[in-house]
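Everything below concerns the one structure shown next.
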Amino acid sequence: MAKRSVSILNRLLANPSSPFTAPTRSITYMPRPGDGAPRTVTLIPGDGIGPLVTGAVEQVFEAMHAPVHFERYEVRGNMRKVPEEVMESVKRNKVCLKGGLATPVGGGVSSLNMQLRKELDIFASLVNCINVPGLVTRHENVDIVVIRENTEGEYAGLEHEVVPGVVESLKVITKFCSERIARYAFEYAYLNNRKKVTAVHKANIMKLADGLFLESCREVAKAYPGITYNEIIVDNCCMQLVAKPEQFDVMVTPNLYGNLIANTAAGIAGGTGVMPGGNVGAEHAIFEQGASAGNVGNDKIVEQKKANPVALLLSSAMMLKHLQFPTFADRLEVAVKQVIREGKWRTKDLGGDCTTQEVVDAVIAALD
Amino acid sequence: MSRRSLTLLKSLAKTQTRSVTYMPRPGDGAPRAVTLIPGDGIGPLVTNAVEQVMEAMHAPIYFEKYEVTGEMRRVPGEVMESIKKNKVCLKGGLKTPVGGGVSSLNVQLRKELDLFASLVNCFNLPGLPTRHENVDIVVIRENTEGEYAGLEHEVVPGVVESLKVITKFCSERIAKYAFEYAYLNNRKKVTAVHKANIMKLADGLFLESCREVAKKYPGITYNEIIVDNCCMQLVAKPEQFDVMVTPNLYGNLVANTAAGIAGGTGVMPGGNVGADHAVFEQGASAGNVGKDSIVRENKANPVALLLSSAMMLRHLQFPSFADRLETAVKRVISEGKCRTKDLGGQSTTQEVVDAVIAKLE
Chain A
58 MAKRSVSILN RLLANPSSPF TAPTRSITYM PRPGDGAPRT VTLIPGDGIG PLVTGAVEQV
118 FEAMHAPVHF ERYEVRGNMR KVPEEVMESV KRNKVCLKGG LATPVGGGVS SLNMQLRKEL
178 DIFASLVNCI NVPGLVTRHE NVDIVVIREN TEGEYAGLEH EVVPGVVESL KVITKFCSER
238 IARYAFEYAY LNNRKKVTAV HKANIMKLAD GLFLESCREV AKAYPGITYN EIIVDNCCMQ
298 LVAKPEQFDV MVTPNLYGNL IANTAAGIAG GTGVMPGGNV GAEHAIFEQG ASAGNVGNDK
358 IVEQKKANPV ALLLSSAMML KHLQFPTFAD RLEVAVKQVI REGKWRTKDL GGDCTTQEVV
418 DAVIAALD
Chain B
66 MSRRSLTLLK SLAKTQTRSV TYMPRPGDGA PRAVTLIPGD GIGPLVTNAV EQVMEAMHAP
126 IYFEKYEVTG EMRRVPGEVM ESIKKNKVCL KGGLKTPVGG GVSSLNVQLR KELDLFASLV
186 NCFNLPGLPT RHENVDIVVI RENTEGEYAG LEHEVVPGVV ESLKVITKFC SERIAKYAFE
246 YAYLNNRKKV TAVHKANIMK LADGLFLESC REVAKKYPGI TYNEIIVDNC CMQLVAKPEQ
306 FDVMVTPNLY GNLVANTAAG IAGGTGVMPG GNVGADHAVF EQGASAGNVG KDSIVRENKA
366 NPVALLLSSA MMLRHLQFPS FADRLETAVK RVISEGKCRT KDLGGQSTTQ EVVDAVIAKL
426 E
């Protein structure tokens, strides 16, 4: 293993910096002996464009000789539960990479994405929405991280029909969950040198529920005097996002608002096809396309194989960092960003017409 | 009356926005009473702007003004009586305190008067450059139930439950209103916004109602979109949306996002309507009370409330006044000389009002 690390380090150091391979990092990482041991990661291709984009990740990892090997499991969105063996595998490996699982609209099967998150207690969902150089969007200076509570709130799944024609849906907010998501958000901000955390709420209407969320955020904020904390009502937030997105830095939100804000922020920064993200809990982590819209895609994209693999590639770079393989993560990110910046290989959602495979080939060619 | 109609007709002939002349019935010019609630923050500024412009136009309207502040526990009895008598109300924002204690007076008004539909028209104004073009979206939002039912309780310390109630009755009538609106305004498409993959029963019931009503309007395209995808599509390709019908919370967020992309909540008109009453106010709710600095410097944007009062004039069957007002306001915006801070200028409310009055004919 050490021999492989040495050759990689040599290649890195010998690489001359050219205008195209913009050197993003100047630090060398010093591994501990045995750090290069391959890690196992559960892979769930999912539905729709899922297999396409996870296939892209597999190819790129092969080409990089990354010390990761995948245990693949087929799961469909219309299964009743996530199969036992898959859950065991994720609990054993602690890290999972997945494509989208299509959740059927209407009664019957509950969301498998939700089930995964609840069973593994993956309480924080993180999406980094940032302008990618070379990708022109209507909004500039966007660099927002949306941290969303993943297990309770409006997605508790507790609904019942009181009398025919009247349905009640329970939104549950607990101090426990609100506190830990607030703590995670401030910790993230602290570790990533972020200056501001904004809590998104609707406590003027849902006074008790979102009020409890806000109280928890305020308490945690006191423990981080170096980080600015403010609050914003969610409807104003949506408007500010599209008017002046540069005012936002890290945003912490309950479940539903986080879903909408994350997708809006992803949309203004270039689309959900490019934003990386992941879900993390105390013990496990699942990486998937950052914002949820379009992670299954539509039939046409699947047929023509024109899904955008960039989001999942950048998420797998986050995964490599999580697994303590930062050099691989850096190489992957640099290659992907170079491909986007050059602008020759872009899928339909970015204004081009390439297939997934062409983008993958371009990324592999850009690896060094 | 007929002489006034004649001058009106002559002045209409000068404006180029409409080629249709309105033929009033005898007695249509009788002045109507409208309840006016100035509200908090920038409310008094912008409602005063409307009063001035209505004066200048000699519109057949007179206002019954009532002071209501957001911290009152309930809307005063006399105000409710006045609205029930007049059937139409114009209001500024009422500030709802965050946290426990007083419940929202805006929501209370809507529930008591059963104003079940809230409508915001978000469209690009000529002369106001924005990052998104070809925006012309009408968000029709259910106003009385859903997440805003106000039913919350603390089960045990540290655990709170909030009830979201969806009924077939309310979902059906908002769907019917949305399709009727589309039909009457020559709109081609109605999109239902939901999250029924997660809230299967609640939003599922909403969708069922929309689908049933859609069958009666075969000429109007109907489709559905999940709310998170909708938010993303709004900022990526807003031209795909026409009329959107949504439950309460999603409607709030979608309306504000759409208002934001089309130029800001300071310019979008809107109103709340029920079977018997109508309350007109700034379209999207963000910023309708404003901040202290805007109040002090008197730099609130009156355009949204002016355009909403034009909608009110149409509602009261005074279409020519509505047209004159809209034309004047749009001309002021397209010239770009008098703009408040949220549109990139530095004018005060009064300067904008004077410019609008100068442009009236």
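Just so you know, the sequences run in chain order A and B. The opening position of the first sequence corresponds to residue 58 in the working numbering, with each subsequent residue numbered one higher. The opening position of the second sequence corresponds to residue 66 in the working numbering, with each subsequent residue numbered one higher. Built from N, CA and C at the ideal position, the CB exists for glycine as well.
- Pairing Pro161(A) with Phe383(B), the inter-Cα distance amounts to about 49 Å.
- Contiguous alpha helix (DSSP H) elements confined to the segment 94 to 129 of chain A occur at 107 to 121, taking only those with 4 or more residues.
- Scanning chain B for C-beta atoms nearer than 7 Å to the C-beta of Met375(A) yields nothing, as the closest lies near 20 Å away.
- For Asp419(B), the enclosing alpha helix (DSSP H) stretches over residues Thr414 to Lys424.
- According to DSSP, Gly336(B) shares a beta bridge with Leu184(B) and Phe345(B).
- Taking Leu271(A) as the centre and dropping the five residues before and after it, the same chain places the C-beta of Ala256, His258, Ala260 and Glu288 closer than 7 Å to its C-beta, in chain order.
- When DSSP states are grouped into helix, strand and coil, Lys253(A) belongs to the strand group.
- The secondary-structure analysis by DSSP pairs Val203(B) across a beta bridge with Asn186(B) and Val308(B).
- DSSP assignment within the segment 202 to 259 of chain B yields the following whole beta strand (DSSP E) runs of 3 residues or more, N-terminal first: 211 to 221, 224 to 232 and 254 to 259.
- By the neighbour-count criterion, in which 16 or more other beta carbons inside 10 Å mark a residue as buried, Ser399(B) falls on the exposed side.
- Of the candidates Phe386(B), Thr195(B), Lys260(B) and Tyr131(B), the residue whose Cα lies closest to the Cα of Leu317(A) is Lys260(B).
- The DSSP assignment places complete beta strand (DSSP E) segments of no fewer than 3 residues inside the segment 243 to 320 of chain A at 253 to 258, 285 to 290 and 307 to 310, in order along the chain.
- CA-to-CA, the gap between Leu425(B) and Met122(B) works out to about 7 Å.
- Annotation for Gly400(A): Gly191 place their beta carbon closer than 7 Å to its own, counting only its chain and skipping 5 residues before and after.
- Secondary structure of Gly222(A) (DSSP, three-state): coil.
- Any Cβ of chain B closer than 7 Å to the Cβ of Met296(A) would place that residue at the interface, and such an atom is present.
- Distance between Val220(A) and Ser168(B), taken at the CA atoms: about 27 Å.
- Between the alpha carbons of Leu372(B) and Ala420(B) lies a distance of about 15 Å.
- For Leu269(A), at least one C-beta of chain B is nearer than 7 Å to its own C-beta.
- Cβ-Cβ separation between Val225(B) and Glu225(A): approximately 15 Å, too far for a contact (criterion under 8 Å).
- Pairwise C-beta distances place the segment 206 to 224 of chain B in contact with the segment 168 to 186 of chain B, as three or more of them are shorter than 8 Å.
- By the neighbour-count criterion, in which 16 or more other beta carbons inside 10 Å mark a residue as buried, Lys150(B) falls on the exposed side.
- Note on the segment 111 to 167 of chain B: whole alpha helix (DSSP H) runs with a minimum of 4 residues are 142 to 151, in chain order.
- Between Asn365(A) and Leu424(A), the alpha-carbon positions lie close to 18 Å from each other.
- Runs of alpha helix (DSSP H) with 4 or more residues, each lying fully within the segment 364 to 416 of chain A, are found at 367 to 379 and 383 to 399, listed in chain order.
- Taken through DSSP and simplified to helix, strand or coil, Leu370(B) comes out as helix.
- Proximity of the segment 349 to 356 of chain B to the segment 97 to 117 of chain B meets the contact definition, three or more beta-carbon pairs being nearer than 8 Å.
- Excluding the 5 residues flanking it on each side, Pro311(A) has same chain C-beta neighbours closer than 6 Å at Glu206, Gly210 and Phe270, in chain order.
- Taking 7 Å as the CB threshold, Glu141(A) stays off the interface with chain B.
- For Leu318(B), a Cβ of chain A is located within less than 7 Å of the residue's own Cβ.
- If you check the CB distance, Gly348(B) and Ala323(B) do not come in under 7 Å.
- Under the DSSP assignment, Pro384(B) falls in the alpha helix (DSSP H) whose first and last residues are Pro384 to Glu400.
- When beta bridges are read from the DSSP output, His217(A) appears opposite Glu225(A).
- Not one beta carbon of chain A lies nearer than 7 Å to the beta carbon of Ile107(B).
- Proximity of Thr161(B) to chain A, defined by a Cβ-Cβ separation below 7 Å, is satisfied.
- In the structure shown, Phe180(A) adopts coil according to DSSP, grouped into three states.
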